[in-house]
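Residues in the sequence shown are numbered consecutively from 1, following full-length UniProt numbering.
Worksheet for the structure shown next.
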Amino acid sequence: MQAVGASRRDRRTRLQRARAFQVADETYERFRPEYPEAIVSAVAARAPHGGHVVDCGAGTGKFTRLLAARGLDITAIEPAAAMADQLRRTCDTPPLAARVRVEQARGEETGLPESCADVVTYAQAWHWVDEQAAAAEAARILRPDGTLALIWNQFATDVPWVHRLTRIMRSGDVHLTRGYRDLPPYFGVPERITSSFSQRLLPDEVMALARTRSSYLAASAATRARMQDNLRWYLRDHLGYGEADPIELPYTCVAWLYRRD
């Protein structure tokens, strides 16, 4: 009974945080980092030129656009209406208009035909879905030997000041780049790829980046204010950054590539 209750709480938390993202589309697009070329190339290489990629939880299309630029046809799946509308506007002009189709749907139930995709991607989105249901749906729409790619940009928390920054941004929670657990039997042992990079932001832009985090968006007004106050103190008083001083934020991008059995 406890496991069932925990599962229900997890689903409820995912839904609350996913709904919160519907109001963060423009800020997300502006301040969330891009994905490193090495990761995009590794994922794109799993599909033939002109192949079909289903990008689930596509958001404002940061990963979608990078894949389309490599000559791939993309079906972008996004459950949040605001994000999907933003992505449609972004992809409404050539050359993206010929490559990208946007569908408002969930990764667990895409509505796409069986065996239609060479690659299914979740860039910064797998933690929003029911993993078992989403893996089953990915297996259904993937062609034989297709690839499920799970990608995250993570702060480099092995750097002490970044570790503390992450705790403040997440109100005490540090999201670790841990080894990913096994998926259902449709998929084999994954290949793990990493790439390090940095993002240069001013202090106020780091504050805005923090406001795109699910922990902020799902919080109460009082908690949001406290999180921003703590972050402002850390950047300006503790680390000593002035308002015009650029901050180099180090990241590690991690991709887990699962081949469909």
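Ideal Cβ placement from N, Cα and C applies to all residues, glycine included.
All values derive from a computational prediction rather than experimental measurement.
The stretch 183-218 is shown to contain whole beta strand (DSSP E) runs of 3 or more residues at 191-201, in chain order. Apart from the 5 residues on each side of it in sequence, R30 sits with its Cβ closer than 8 Å to the Cβ of A208 in its chain, given in chain order.
Burial is judged here by how many other beta carbons sit within 10 angstroms of a residue's own beta carbon; G57 has at least 16 and is buried.
Within a 10 Å sphere around the beta-carbon of Q86 sit 16 or more other beta-carbons, which makes this residue buried. With distances taken between CA atoms, I39 lies nearest to N153 out of N153, T212 and Y234. Put simply, of D204, Q199, A225 and T223 the residue whose alpha carbon is nearest the alpha carbon of P36 is Q199. When DSSP states are grouped into helix, strand and coil, R106 belongs to the strand group. Rounded to whole angstroms, the gap between the alpha carbons of S214 and Q124 is 11 Å. Taken through DSSP and simplified to helix, strand or coil, H52 comes out as strand. Secondary structure of V120 (DSSP, three-state): strand.
The alpha-carbon separation between W256 and P203 amounts to approximately 32 Å. In terms of Cβ geometry, Y234 and F197 do not form a close pair [threshold 8 Å]. In the three-state reduction of the DSSP assignment, A69 falls in the coil class, being assigned neither a helical nor a strand state.
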